[in-house]
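So the sequence lines, in the order shown, correspond to chains V and U. Residue numbering for the first sequence follows full-length UniProt numbering, beginning at 1 and increasing consecutively. Residue numbering for the second sequence follows full-length UniProt numbering, beginning at 1 and increasing consecutively. Since the structure comes first, as structure tokens, the remarks are kept for the end.
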Amino acid sequence: MRPSKTTTFSRRAFLKSSALASGGMIIGFNLFNACKSEVELPIDLSQLNYNDFNAFIKISEEGKVTIFSPNPEIGQGVKTSMPMIIAEELEVAWGDVHVVQAPLDTKNYTRQMAGGSQSIRHGWEALRQTGATAKQMLVNAAAARWQVEASECTVKEGVISNSKGETLGYGDVVLEAAVLEVPEDVTLKDPKDFKIIGQGKGNVDIDKIITGKPLYGLDYKAEGMLYAAVLRPPAFGQVLESFDDSGARILPGVVDVITIGEKLRAYNDSGKKNWSMQMSSSDKVVVIGKTTWDAMKGLKAIKAHWKIESELESTEDHDKVLFDLLDGDSLKTRRSDGDINKAFAEADAVLERVYEAPFLPHNCLEPMNFYANVTPEKVHLVGPIQTPASAQKVVSELLERDIEDVHVEMTRMGGGFGRRLYGDFVYEAAEISNAVKKPIKMVSSRAHDMTTGVYRPATKYKIAASIKDGKLTGYHLKEACINGNMYGLIPNFFPAAAIENYQVDSANYKSNITTGAWRAPYTNFLASAEQSFFDELAEVLKIDRVRLHMDLLEKAKNNPEPNIEYSPERLQGVLKLVVEKSNWGNTKPGVYQGLSVYYCHNTHVAEVADITMENGVPNVVKVTCAVDCGIVVNPLGAMNQIKGGVLDGIGHAMYSDFGFNNGVPQSNNFNTFQLIRIGQTPKVDVHFIESNIDPTGLGEPTLPPVGAAVANAIYKATGKRLRKQPYMNNMNVSEKVLG
Amino acid sequence: MPTFNLKINNKTHTVEADMDTPLMWVLRDHLNLVGTKYGCGIGQCGACTIHLDGNAMRSCLVQVSQAEGMNITTIEGLSEHGDHPVQKAWKAIDVPQCGYCQAGQIMTAAAFLDKNPEPTESQIRNAMHGNICRCASYNSIEEAVKVASKNLS
């Protein structure tokens, strides 16, 4: 098995403590970077230095603990789970801990972002070290006061005891502890002694959420703030030619109508193109209103004329070009083991199948929005963004301002799913405020959010297997994708190392439609394709589906040079667990099961879908899900992520379609774009592998496999193999029902 | 611009707005009652659900002029201390992920249980079908409605 990746810290550098002017102690640490040894912590809380420390613990003289949670909260639960890890090692009662989203000034640090299910995996070691170091300093202070050895002292829920039975609370010694040297070596707890980690802890924002308190970017208000609605080209490939704003200007709530785009074009033309800069270079018309409705109503009154700048693409064109790429000579080989040409030439039989998936919008329920106030003194930005550091840098370059002048604050986010990695809406807000010289909030309507998005790219796979003497000898995966999807590590996922002759190729078509990361990027459809293919392959090989997987994983285990990302042992573990918990193969009459096993985002997952047929329509009634994510930090939050991922995966695999006609998206709201609703959802039954291995993330890994679990179950019920998503649009529901 | 007298959470507010302004934006932008969320603007997602005379309604589809004279309840006024049985159930089950849709879910569930305090599972699924949760916290929503129903009865 591959060793888990750990980060080495220079502890002296990564932690600092200081006595606060207001009383109490502050401990600053840097989750991901060692910070400079000469840097001092501020003694005024309002001056917290996020340049060198990106997270802080404050312990007051009353013994109350405040943890400033560093990472953006998009619904993945880190605002609860990351502080839990600190509180565990600090030895305080969870009830005494208050969690605050760290206010941001995003200079000079890395990974204060949400994406790739990596927050917990990267933060684990640093968060534990921080909590343990702070505890040790408090114990050292108490020991010094008692004139005893620190090793004689014990701590329980923030109270230090010595062997004579005397006690001191953290608050009693906090001022002395703050001036002690930061210890170099501290002992971390044995996982078996964990009291908070492994216990289900509720969302720290729950009271505000259920009572409707302002939390999200859309809820943010500032004195004198106006609202801005942006008219972007209705089709990809179009740019603004001219517009008539007379109908908007006569409306009482409309304050101004302007155009933006110049600054962004200058930025693009300067060659500074940023990875997140996926925006049309068109001018955009902006209506400034007194309220959101005023701005949106004004926007509807704009008469705009658009001209064609580049090709207006349609789904039919994409289908053709992707099929051509799968069979063309522009494929680039990403990994090649053995000799697949020889394996296929010598094969008795070849199984070859094509799998197709459409573009997908993210559809965060909170539409894209951001607050900006550009003044001569500073640029103040507030809102929901997964990548605040990148937004700060681009805005400083766009407006030609010092990076120190650009301040970013993050709000809780009404969903992310990858969309808020891209800062286009932040740059728009900044450019608008810069132009009108007023505080504004840019708010996208649902229609604009859906039709000017950054989409999961449409993708097609061709998968082929060679069979000789009844055995699998070769596996060839080809990907054709709009703009790009496949990257370096994906070819090292299963079944790499399990099949002697193995090759992965990919080719892309460069489109003017913006695409990017969407929940479980790279694998959200790949898993559906491959795990459907293995189901079919097992049938052709006349071998039990579970047996086929276990045997292939055994081969990967025995491969002397596997060069793989996944752990064959851990995949076997989840496979065994899901077979046991789902009653695989022993269902009631009328219930059909499908299996899928997958590794991605460092977590191993196996899922079994149970379906029934009702009037010829498949109904997913249950999904059994076995997960190996190492130590489960917060089981309550983990369950939410796992169940949400499974249901989100089913919804998009079954129902969600998104096409283009002459550059125009074919859906613009939830009346035509179907998201899964409660009546379509099965119960998700979750089982964890018990483990002491360092934890990995859960925001994404349960989504990719579930499409195949459902498709494989539908095959058992109907005899029809589904290879094109969304499945419900591509299955003839009157197909015969097998019995 | 016309003015309207709105009775919201047992208090009367006077607002100046265009006749056709959706009640949702009046609540959010004029009155700072931002618990009522904007999701789709066409009555498809349920994030803006409020109670009008006790009935769950989409506030994005109600014009401010239509709401005069009605008893309007928003999530902020569902209970004084956040302790309506539905809110308590939401907390006990730890329903929210991103949390954005949950005020609308709670308002739909509260109006539904008021009329049908002991619903069957399929009645719950029918009642909640109009509310989208993009994080797909549906298993927990269903469970929380059941818990609230038990606490009510």
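A virtual CB, placed ideally from N, CA and C, is assigned to each residue, including glycine.
Within its chain, find whatever has a CB closer than 6 Å to the CB of residue i; leave out the 5 residues flanking it on each side and keep chain order.
i      : result
G484/V : N508
L477/V : I463 and V504
T106/V : Confidence at T106/V is low in this model, with a pLDDT of 43, below 50, so its placement is unreliable and no value can be given for it.
F9/V   : Confidence at F9/V is low in this model, with a pLDDT of 45, below 50, so the placement of that residue is unreliable and no value is reported for it.
R721/V : Y715
E152/V : N162 and S163
G131/V : I86, E89 and L90
L489/V : E565
So which of the options has the shortest CA-CA distance to residue i?
i             : options                           : result
T696/V        : V286/V, G123/V, A447/V and A21/V  : G123/V
G659/V        : L15/V, G171/V, T672/V and I57/V   : T672/V
residue 171/U : P2/U, L23/U, M24/U and G54/U      : The requested residue 171/U is not part of the displayed model; chain U covers only 1 to 153.
E62/V         : E700/V, M25/V and V684/V          : M25/V
E690/V        : V633/V, I543/V, I403/V and L526/V : V633/V
K468/V        : D348/V, S444/V, Y355/V and N640/V : D348/V
R335/V        : D44/V, S161/V and E479/V          : E479/V
P589/V        : M613/V, H601/V and N512/V         : M613/V
T411/V        : Y371/V, N434/V and N692/V         : Y371/V
E143/U        : L152/U, R134/U and I124/U         : I124/U
H51/U         : N32/U, Q44/U, N71/U and I42/U     : N71/U
N640/V        : L33/U, H13/U, L27/U and Q97/U     : Q97/U
I260/V        : K201/V, F425/V, L322/V and A343/V : F425/V
S506/V        : K201/V, M137/V and K332/V         : K332/V
D657/V        : M82/V, N586/V, N730/V and L15/V   : N730/V
L6/U          : G69/U, P119/U, C135/U and N32/U   : G69/U
Is residue i near the ligand ADP, in the sense that its beta carbon is under 7 Å from a heavy atom of that ligand?
i      : result
L595/V : The ligand ADP is absent from the structure shown, which contains no ligands of any kind.
For residue i, which residues from the same chain have a beta carbon less than 7 Å from its beta carbon, with the 5 sequence-adjacent residues on both sides left out?
i      : result
K64/V  : D96 and H98
N9/U   : T73, T74, E76 and G77
A357/V : A458, T459, F525 and Q725
A148/U : P85, V86, A89, A109 and L113
V204/V : K79, T80 and V99
G169/V : G63, G158 and V159
M728/V : M654 and Y655
I650/V : V620, I676, V706 and V710
C48/U  : M24, T36, K37, Y38, G39, R58, S59, C60 and G104
N668/V : A447, M450 and T451
CB-CB under 8 Å to residue i, same chain, minus the five flanking residues each way: which ones, in chain order?
i      : result
N559/V : A497 and A498
P2/U   : E16, A17, D18, M19 and S65
G46/U  : G39, R58, C101, G104, Q105, T108, G130, N131 and I132
I93/U  : S140, E143, A144 and V147
Who are residue i's beta bridge partners in DSSP?
i      : result
Y216/V : R412/V
C481/V : T459/V and N508/V
S17/V  : I27/V
N501/V : G474/V
C625/V : E607/V and V686/V
C600/V : T603/V
S466/V : V350/V and G474/V
Y371/V : V382/V and K441/V
R335/V : V504/V
L78/U  : According to DSSP, which records beta bridges pairwise, L78/U is partnered with nothing at all.
Y355/V : Y461/V
Can you round the beta-carbon distance between residue i and residue j to whole angstroms, since I take them to be within the 8 Å contact cut?
i      : j      : result
G217/V : P384/V : 4 Å
D20/U  : Q63/U  : 5 Å
G594/V : V710/V : 6 Å
A609/V : V706/V : 7 Å
I59/V  : V174/V : 5 Å
T291/V : G253/V : 6 Å
V627/V : T702/V : 7 Å
V436/V : D185/V : In fact, because the Cβ distance is near 56 Å, the residues do not count as touching under 8 Å.
M442/V : A228/V : 5 Å
*Kindly confirm or deny that the region 259 to 274 of chain V and the region 212 to 224 of chain V touch, where touching means at least three C-beta pairs closer than 8 Å.*
no
*Per the contact definition of three or more C-beta pairs closer than 8 Å, is the region 229 to 246 of chain V in contact with the region 444 to 455 of chain V?*
yes
*May I ask you to list, following chain order, the residues of the region 487 to 512 of chain V that have a beta carbon less than 9 Å from some beta carbon of chain C?*
Although the question refers to chain C, the structure presented lacks it and instead comprises the protein chains V and U.
*When the Cβ atoms of the region 508 to 519 of chain V are set against those of the region 545 to 555 of chain V, are three or more pairs found closer than 8 Å?*
no
*Three CB pairs or more closer than 8 Å across the region 560 to 573 of chain V and the region 531 to 538 of chain V*: no
*Given 8 Å as the limit, is there contact between the region 370 to 388 of chain V and the region 185 to 203 of chain V, that is, 3 or more CB pairs closer than that?*
no
*Touching or not, the region 415 to 423 of chain V and the region 240 to 254 of chain V, by the rule of three or more beta carbon pairs under 8 Å?*
no
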